[in-house]
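Read the structure below first, then the notes.
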Amino acid sequence: MPESAQRERPPAAAAAAPLLAVRELQAWYGESHILHGVSFDVAPGEVVTLLGRNGAGKTTTLKSIMGVVPRRSGSIVFEGAETIGLPSNRIARLGLAWCPEERGIFSSLDVEENLMLPPKVRDGGLSVEQIYALFPNLAERRGSQGTKLSGGEQQMLAIGRILRTGARLLLLDEPTEGLAPVIVQQIGRTIVKLKAQGFTILLVEQNFHFAATVADRHCVMEHGRIVDVIANAELDANMPKLHKYLGV
Amino acid sequence: MQALFGQLLIGLINGAFYAMLSLGLAIIFGLLNIINFTHGAQYMMGAFCAWFLLRYAHVGGWHPGYWSSLVIAPVVVGAVGIVIERTMLKRLYNLDHLYGLLLTFGLALVIQGVFRNSFGSSGMPYEIPSLLAGGVNLGFMYLPIYRAWVIVASLAICIATWYVIERTKLGSYLRAATENPTLVQAFGINVPLMITLTFGFGVGLAALAGVMAAPIYQVNPLMGADLIIVVFAVVVIGGMGSIMGAILTGFGLGVVEGLTKYFYAEASTTVIFVIMVVVLMIKPAGLFGREH
């Protein structure tokens, strides 16, 4: 098969070497054991969601991948490199970027300083102009204090600033939480655009109606484990099962 | 009139030291969450380092004097600070403020005790460098050149520090890490290294103030112990963690103290603490502090 044809295969194909491979991941906060052996893969270019109820371990999984939990074990391989023993700053330098649930906009920095804060870890990130084109609201408010923005604008800023760094894998933690439907749609369109540009995205979501519009695959979490993986195309057929998992 | 300007000048000089010391304390508290009670002892170590270099150090035919001390003392004392941070303070970051305060307070007592044992407490003179000796008659008052130099130099140092923190990329890392170190580290910044260097810088600033103070106040093991109490009052009035607040409050309170000495000398040593009480009652976060 010619090489170009190979590249045109859907990126979700299991044959491709995973960009991220998580195996038997366990994590603790002090005495509480949160993750009990999480295993899943994310292929290059894929958008994968972690779905599950509150407390299932979705956020902790993202934090463990980023290396910001106090204690973790197991294996997290990114582009063939084991990261389980690395501090978070070294993990970030490999090309992973995290957009936390609480957004983490800095109040002592203005919008532009917030945007420019994460250092470039690789070539190939978006330019500031491209980010402002993606989120025109931010351009208008570039001199404002970061935390003076609306919730939606703060979310755009939190996503925008990790696009500059050249990271290829974006870890987005509930980017639509608490936002108006029109903003949720804008963030959905952004995720689709980013996927088209070759970004790989691991998305934590409570709102699976939103997740269904952007994702290739859904990993369902329960009690600190992945209990099911459902391709987006098979979502309708699995709806009863999913309702049971999510309790909606 | 002469006396008024004289007291104003003394106030500005004291204010210069308050500003430099409270600036270092504010930076350290912001990033490390440590109330550095060793700061006064580190200021004293800076002065001693300068005295020691002048007295004993010979490198070939070179005798490091005042000007070299302005560089060497902050580096040496800052390095000692880095060792303290790496071996002791870093174990306390997840604990209550009280632990850092107790540790640094104990360290200050140990350091001051060791110096008093070795050098006595009478104080050693340190000559004004020849380039800055003498003074000029301004008509309304006599201005010693060294004192003018201290005011100008410390103002320059304070403004440069403020500029780096508030207006540069490096400063944006520092401000961001003060708010949310975990996230800044997850962006790829080596935050533990930044914390260590910031502590070294704050301590170096104290040592630099100590070198500048040596020709004015003499070199004495307890010179920092007396000063640090006032400096903490300055920090409380200005608001913990505010850079500009530390600078303005430092100079401002120095002047207030000087003026009090002129108008009602009996209150001059307590006026800062009276202001502190009033500020705490009206604005508990300090004049420039942000309420949380």
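Heads up: the protein sequence lines correspond to chains Z and C, in order. Going by my numbering, the residue at position 63 of the first sequence is 63; the numbering climbs one at a time, nothing skipped. Going by my numbering, the residue at position 72 of the second sequence is 72; the numbering climbs one at a time, nothing skipped. Note that beta-carbon positions come from the ideal geometry of N, C-alpha and C, so glycine has one too.
(request) With 7 Å as the threshold, decide whether the Cβ of Ala-28 of chain Z is near any Cβ in chain C. (result) Here the sequence assigns Trp to residue 28 of chain Z, which means Ala is not the residue at that position. For Trp-28 of chain Z, the answer is no, since every Cβ of chain C falls outside 7 Å of its Cβ.
field: Beta-carbon proximity list for Ala-153 of chain C, same chain, < 7 Å, skipping 5 on both sides
entry: Met-212
ask   = For the putative contact between His-36 of chain Z and Arg-168 of chain Z, defined by C-beta atoms under 8 Å, what is the C-beta separation to the nearest angstrom?
value = So it is not a contact: roughly 29 Å between Cβ atoms.
If I'm right that Leu-96 of chain Z touches Ile-65 of chain Z with Cβ under 8 Å, what's the distance once you round it to whole angstroms? 7 Å
Straight-line Cα distance separating Phe-201 of chain C from Leu-132 of chain C: It is roughly 26 Å from the alpha-carbon of Leu-132 of chain C to the alpha-carbon of Phe-201 of chain C.
- Whole beta strand (DSSP E) runs in the stretch 203-228 of chain C with 3 or more residues, listed along the chain? none
Where does the unbroken beta strand (DSSP E) through Thr-200 of chain Z begin, and where does it stop?
In the DSSP assignment, Thr-200 of chain Z falls within the beta strand (DSSP E) that extends over 200-205.
Per DSSP, which one or two residues make a beta bridge with Glu-82 of chain Z? Beta-bridge pairing by DSSP links Glu-82 of chain Z to Z:Val-77.
(request) Please go through the stretch 21-53 of chain Z and give each complete beta strand (DSSP E) segment of 3 or more residues, from N-terminal end onward. (result) 32-42 and 47-52
* Anyone know if the C-beta pair for Lys-195 of chain Z and Val-47 of chain Z falls short of 7 Å? -> Their beta carbons are under 7 Å apart, which means Lys-195 of chain Z touches Val-47 of chain Z by this criterion.
- Message: Would you say Phe-187 of chain C lies against chain Z (beta-carbon separation less than 7 Å)?
- Response: yes
**Asked** Cβ of Arg-103 of chain Z within 7 Å of Cβ of Gly-166 of chain Z?
**Response** no
- Measure from the C-beta of Thr-104 of chain C to each C-beta in chain Z and report whether the shortest distance is under 7 Å. no
Worksheet item: Does any CB atom of chain C fall closer than 7 Å to the CB of Ala-81 of chain Z?
Response: no
Under three-state DSSP, which class holds Glu-222 of chain Z? strand
| If you run the structure through DSSP and keep just helix, strand and coil, what is Pro-11 of chain Z? | Confidence is the limiting factor: at Pro-11 of chain Z the pLDDT is only 45, short of 50, which leaves the residue's position unreliable, though a coordinate-based value still follows. Residue state, collapsed to three classes: coil.
Backbone CA spacing between Val-204 of chain Z and Val-38 of chain Z [nearest angstrom]: 14 Å
(request) Can you check the stretch 241-283 of chain C for any alpha helix (DSSP H) of at least 4 residues that lies completely inside it and give the ranges in chain order? (result) 243-263 and 271-282
Apart from the five residues just before and just after Glu-113 of chain Z, which ones in its own chain have a Cβ nearer than 8 Å to its Cβ? Phe-106 and Gly-146
- Message: Determine, for Leu-92 of chain C, whether the minimum Cβ-Cβ distance to residues of chain Z falls below 7 Å.
- Response: no
Item to check | Counted within 10 angstroms of its Cβ, other Cβ atoms place Phe-29 of chain C as buried (16 or more) or exposed | outcome: buried
| Going by C-alpha distance, which of C:Tyr-217, C:Phe-288 and C:Leu-280 is nearest Leu-248 of chain C? | C:Phe-288
In chain Z, which residues lie with their C-beta within 7 Å of the C-beta of Glu-85 of chain C?
By Cβ distance, chain Z contributes nothing, its closest Cβ being about 18 Å from Glu-85 of chain C, past 7 Å.
Notebook entry, point to check: Would Leu-287 of chain C count as contacting chain Z if we go by Cβ distances under 7 Å?
Noted result: no
### Message
For Trp-51 of chain C, report the span of its alpha helix (DSSP H) as first-last.
### Response
39-56
Taking C-beta pairs closer than 7 Å, name the residues in chain Z that Leu-183 of chain C reaches, listed in chain order.
Pro-100 and Gly-104
Original post:
Who pairs with Gly-106 of chain C in a beta bridge, going by DSSP?
Top reply: Note: Gly-106 of chain C sits in no beta bridge, so no partner.
Discussion item. Distance cutoff 7 Å, beta carbons only. Does Pro-240 of chain Z sit that close to anything in chain C?
Written reply: no
Item checked: Among Z:Thr-190, Z:Lys-193, Z:Phe-208 and Z:Ala-215, nearest to Leu-202 of chain Z - alpha-carbon criterion -> Z:Ala-215
Next on the checklist: Measuring straight from C-alpha to C-alpha, what distance separates Ala-177 of chain C and Gly-52 of chain Z?
Outcome noted: 32 Å
Q. To the nearest angstrom, how far is it from the Cα of Ala-285 of chain C to the Cα of Asn-33 of chain C?
A. So the two alpha carbons sit approximately 15 Å from each other.
Listed by chain order, chain C residues near Glu-174 of chain Z by CB distance under 7 Å: Those within 7 Å of Glu-174 of chain Z in chain C number zero; the least Cβ separation is about 16 Å.
Entirely within the stretch 89-177 of chain Z and at least 4 residues each: give me those alpha helix (DSSP H) ranges in chain order. 111-116, 128-134, 136-140 and 151-163
Delimiting residues of the alpha helix (DSSP H) encompassing Tyr-142 of chain C = No alpha helix (DSSP H) contains Tyr-142 of chain C, which is instead part of the beta strand (DSSP E) from 142-144.
*So Ala-207 of chain C packs on Ala-108 of chain C, CB below 8 Å; how close in whole Å?*
That belief does not hold up - the Cβ atoms of Ala-207 of chain C and Ala-108 of chain C are roughly 14 Å apart, past 8 Å.
C-alpha gap between Val-326 of chain C and Asn-94 of chain C, whole angstroms: The requested residue 326 of chain C does not occur in the structure, where chain C is confined to residues 1 to 292.
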